[in-house]
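S.K.: Mind looking over this structure? Questions follow.
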Amino acid sequence: MPTPPENRELSPYTGWTRAHWEAAADRLLLDVRPFASPGGGLVDLPGPRPSWSGPRSDGLEGWARTFLLAALRVAGAHGEDPHGHLDRYATGLAAGTEKPGRDDRDSWPLMADTRQAVVESASIALGLRLTRPWLWDRLDDRVRQQAVDWLLPALGPSPVDNNWWLFGLTVAGFLQDAGVETDRAAATIDRSLARVEDWYLGDGWYSDGDNRAFDHYNAWALHFYPVLHAHLAGDRALLDRYGPRLRAHLDDYAHLFDADGAPVPYGRSLIYRFAAAAAPWLGALTGHTPLTPGATRRLASGTLRYFLDRGEGRGATDEHGLLTLGWHGPYPPLVQEYSGPGSPYWASKGFLGLLLPADHPAWTDPEEPLPAERADTVRAFAPAGLLVQTTAADGLVRLHNHGSNHVHSAPGEEDDPGYARHAYSTRTGPTTGPAPADNHFALIVDGRATPRGPAVPTGTGPDRAASLHHPLPGVRVLSATLVHGRAELRAHLVLDAPEGTPVRQTGWAVTPDGPHAQLHPVHGYAPDVGELPTGETLQGPGSRTLALHGATNGPATLFVALASLTAEPDPAPVSALANVRITGPHTLTVTWPTGTTARLDLGPEADDASVRSRP
201 MPTPPENREL SPYTGWTRAH WEAAADRLLL DVRPFASPGG GLVDLPGPRP SWSGPRSDGL
261 EGWARTFLLA ALRVAGAHGE DPHGHLDRYA TGLAAGTEKP GRDDRDSWPL MADTRQAVVE
321 SASIALGLRL TRPWLWDRLD DRVRQQAVDW LLPALGPSPV DNNWWLFGLT VAGFLQDAGV
381 ETDRAAATID RSLARVEDWY LGDGWYSDGD NRAFDHYNAW ALHFYPVLHA HLAGDRALLD
441 RYGPRLRAHL DDYAHLFDAD GAPVPYGRSL IYRFAAAAAP WLGALTGHTP LTPGATRRLA
501 SGTLRYFLDR GEGRGATDEH GLLTLGWHGP YPPLVQEYSG PGSPYWASKG FLGLLLPADH
561 PAWTDPEEPL PAERADTVRA FAPAGLLVQT TAADGLVRLH NHGSNHVHSA PGEEDDPGYA
621 RHAYSTRTGP TTGPAPADNH FALIVDGRAT PRGPAVPTGT GPDRAASLHH PLPGVRVLSA
681 TLVHGRAELR AHLVLDAPEG TPVRQTGWAV TPDGPHAQLH PVHGYAPDVG ELPTGETLQG
741 PGSRTLALHG ATNGPATLFV ALASLTAEPD PAPVSALANV RITGPHTLTV TWPTGTTARL
801 DLGPEADDAS VRSRP
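If you read the sequence shown in the working numbering, its first letter stands for residue 201, the second for the next number, and so on.
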């Protein structure tokens, strides 16, 4: 399929237009066709291993998630379907639901047999809702009843107590529109939204369940489903509730995208890649966005191009045009056990912008720069305990983590690389497997680095964030990050560790063709800076990570370092970017090159919920 010509007048940053999005959607859909089952009920994509739900569930997943892409493509074209996408999925819907649960080549698994089917029911229901005039309304009564019978179990309580409640919401929204079990559907909508409300912490941020799990699920699930449902239902009351939350979230979220289009890789399910563009498109679709139309398209097109157009085998698709289990190419350490070969097609959500009419300003206004391209930025996401730092000279984004934890994290567990690092960036790590953890402060006990475990946020400010963690029973570490420009000051106060306990601070894990990392000891560390081989990351092979070493010298020991990550050529040493004075056993003052001064107090008398930090 030919690629449309670039339009650098309309899209000076990416060159892409709506025609590129339509062509990309068609190309992805055409490339999965050879893997459809005989009756079209399953899409069995090749992969290194099945998910923990098994091959039949994976085949349903491949069908459901590519159907969502087909639905967005055809609904966005007002039913025009020159490639016949919907006809194929209508045939598959009939085959998959005829005798669900049967062990044959086409039948869908029942939700009673695999809970993953609940997840896929949301993509199926949303696709049916979007294409109702061209698919659902043209089905015969038998097939419609088969589909309804299969979908109805999704109206029960969620089997997983996190964003999964929104899958039932999405199924209920479709059934309500279709006039099926409307009272039961309404009850499901109310129950689902009530549960998710328990996790809303303000300023546009939800936790993905009872734990402090903050990641891209905020954008591609926790905002996506309620706001899109309210929009499709024309429910003004719901949209007035959830729309301003989306706007607030996008005000933060737009800062998480690199000038090269990459979103910050942190959290889980990163194989969904350009699903990260869904929430910005949703803001444009509903009018609840702080972004201009040109900035919305620049963000979304930059992200899609980042993953599809990298060249030299480094793009998100393989030689068959299929999305792989990874970030650029395949990367097994990134993949959760619940993910199978069809899982990456949740990236279909990123095509939500096709629902905007072709004459919408998001398609017709010139692209505008991202926040990371306009100015150096420091921004705290207070409810999540996160701090974002961007630099306009290289368009690089860094995210400092003082509050996000794995969905199931608990003291003493192994750290999840997607949640436990002190910092993430758009062009580095994280390291995985047996490799030393990047951006990690650890005590070294019996030759092993302690995990970070759950981080309790203790405060954020205009240039800082702080947290507490317990690396060992009875031992506390109070940590803080202060940033300015590309400089990062990393401070840790270790409380009640045995005297002489070794500690290690690691920096950024950079690949040979990546940015330049720096790490400089300020206080508490030995003067030598070491380097650790840290292997392959999602950015590529051969990463190396700088490291500092020291040891505790009493019940309260302060460790301070300066770090930097930059793509600028020949950067000055990070030690030249800050003048740090230690003014007490647990206090310091830093003066930046602009002459501004910041003070930090990590007092051992502070309780487990407070770290005093002030400008």
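We put the CB at the ideal spot given by N, CA and C, even for glycine.
Can you tell me which of the three DSSP states Thr706 falls into?
M.R.: Correct three-state label for Thr706: strand.
S.K.: Counting pairs of Cβ atoms below 8 Å between the stretch 631-650 and the stretch 704-712, do you hit three or more?
M.R.: The stretch 631-650, when compared against the stretch 704-712, does touch it at the 8 Å Cβ threshold.
S.K.: With distances taken from CA atoms, which of Pro712, Pro671, Val694, Ser323 is nearest Thr628?
M.R.: Closest by alpha carbon: Pro712.
S.K.: Skipping 5 residues on each side, what residues in its chain have a beta carbon closer than 7 Å to that of Asp313?
M.R.: Excluding sequence neighbours, Asp313 sits near Gly301.
S.K.: For a test of the three-state rule: what should DSSP assign to Arg315, helix, strand or coil?
M.R.: Correct three-state label for Arg315: coil.
S.K.: Please tell me whether Gly740 has its Cβ less than 8 Å away from any Cβ of chain D.
M.R.: Any reference to chain D falls outside this structure, which holds one protein chain only.
S.K.: Report the rounded CA-to-CA distance for Val675 versus Gly529, giving the unit in angstroms.
M.R.: C-alpha separation (whole angstroms): 40 Å.
S.K.: Alpha carbon to alpha carbon, what distance is there between Ser392 and Leu485?
M.R.: Rounded to whole angstroms, Leu485 to Ser392 spans 23 Å at the Cα level.
S.K.: Work out the CA separation of Pro465 and Gly284 for me, nearest whole Å.
M.R.: Taking the straight line joining both Cα atoms gives about 35 Å.
S.K.: Once the 5 residues before and after Ser293 are set aside, which same chain residues still bring their CB inside 7 Å of it?
M.R.: Looking at the sequence shown, residue 293 is not Ser but Leu. Correct list, in chain order: Val343, Ala347.
S.K.: Less than 8 Å between the beta carbons of Ala448 and Gly404, yes or no?
M.R.: Yes, the Cβ-Cβ distance between Ala448 and Gly404 is below 8 Å.
S.K.: Name the one or two DSSP bridge partners that Leu758 has.
M.R.: BP columns for Leu758 point to Leu693.
S.K.: Pick from Arg648, Ala623, His669: whose alpha carbon is nearest that of Leu765?
M.R.: It is Ala623 whose Cα lies nearest to the Cα of Leu765.
S.K.: Counting only the same chain and skipping the five closest in sequence on each side, list residues whose C-beta sits under 6 Å from that of His692.
M.R.: So the list reads Phe641, Val677, Ser679, Phe759, once near-sequence residues are dropped.
S.K.: By the 10 Å Cβ neighbour count, where 16 or more other Cβ atoms means buried, how is Glu512 classified, buried or exposed?
M.R.: Residue placement at Glu512 cannot be trusted, given a pLDDT of 48 that sits under 50; the coordinates are not used to answer.
S.K.: Excluding sequence positions up to five away, which residues of its chain have a Cβ less than 6 Å from the Cβ of Glu381?
M.R.: Same-chain partners within the cutoff: Leu375.
S.K.: Quick check: Leu168 and Leu470, are their CB atoms within less than 8 Å of each other?
M.R.: What the structure shows of the chain is the stretch from 201 to 815, and residue 168 is not part of that stretch, so it cannot be assessed.
S.K.: In the DSSP output, what is Val274 paired with across the bridge?
M.R.: For Val274, which the question treats as bridged, DSSP gives no partner whatsoever.
S.K.: Just to confirm the assignment: which complete alpha helix (DSSP H) runs, minimum length 4, are found wholly within the stretch 217-247?
M.R.: List check, alpha helix (DSSP H) in window: 218-232.
S.K.: Which term fits Met201, buried or exposed, when burial requires 16 or more other beta carbons within 10 angstroms of its beta carbon?
M.R.: It counts as exposed.
S.K.: Tell me, please, which residues DSSP counts as bridged to Ala580.
M.R.: Ala580 pairs with Leu587.
S.K.: Can Val274 and Leu260 be called in contact, C-beta distance under 8 Å?
M.R.: It is not a contact, given that the beta carbons lie outside the stated cut-off.
S.K.: Along the beta strand (DSSP E) that carries Ile471, what are the first and last residues, could you check?
M.R.: Ile471 -> no beta strand (DSSP E), and no H or E assigned at all.
S.K.: Going by CA-CA distance only, name the one from Asp663, Pro234, Thr370 that's closest to Ala385.
M.R.: Checked all of Asp663, Pro234, Thr370; the closest Cα to Ala385 is Thr370.
S.K.: At what residue ranges does the stretch 479-519 contain a whole run of the alpha helix (DSSP H), taking only runs of 4 or more?
M.R.: Runs of the alpha helix (DSSP H) inside the stretch 479-519: 493-508.
S.K.: For Pro561, report the span of its alpha helix (DSSP H) as first-last.
M.R.: First-last of the alpha helix (DSSP H) with Pro561: 561-564.
S.K.: If you reduce the DSSP assignment to three classes, tell me which class Val683 lands in.
M.R.: Three-state result, Val683: strand.
S.K.: Can you find at least 3 beta carbon pairs, one from the stretch 716-724 and one from the stretch 644-663, that sit closer than 8 Å?
M.R.: No: the two stretches stay apart, fewer than three of their Cβ pairs being nearer than 8 Å.
S.K.: Using only CA atoms, which one of Ser321, Trp334, Gln345 lies nearest to Ala372?
M.R.: Answer by Cα proximity: Ser321.
S.K.: Can you list, in chain order, the residues of its chain with a C-beta nearer than 7 Å to that of Arg256? Leave out the 5 residues immediately preceding and following it.
M.R.: Contacts found: Pro309.
S.K.: For Gly279, I'd like the list of residues in its chain whose CB is within less than 7 Å of its CB, leaving aside the five on either flank, ordered along the chain.
M.R.: The residues are Pro333, Trp334.
S.K.: Return helix, strand or coil for Gly735, following the three-state DSSP convention.
M.R.: Here Gly735 sits in strand by DSSP.
S.K.: Please list, in chain order, all residues of the same chain as Thr331 whose beta carbon is under 7 Å from its beta carbon, the five residues on each side excluded.
M.R.: Contacts found: Ala271, Val274, Ala275, Leu286.
S.K.: Can you give, in chain order, each stretch of the alpha helix (DSSP H) that sits fully within the stretch 337-419 and has at least 4 residues?
M.R.: As far as the stretch 337-419 is concerned, its whole alpha helix (DSSP H) runs of at least 4 residues are 341-351, 365-377, 382-397.
S.K.: Tell me whether Asp801 sits in a helix, a strand or coil according to DSSP, three-state version.
M.R.: Note: Asp801 maps to strand in three-state DSSP.
S.K.: Is it buried or exposed, Lys299, if we count other Cβ atoms within 10 angstroms and call 16 or more buried?
M.R.: Exposed.
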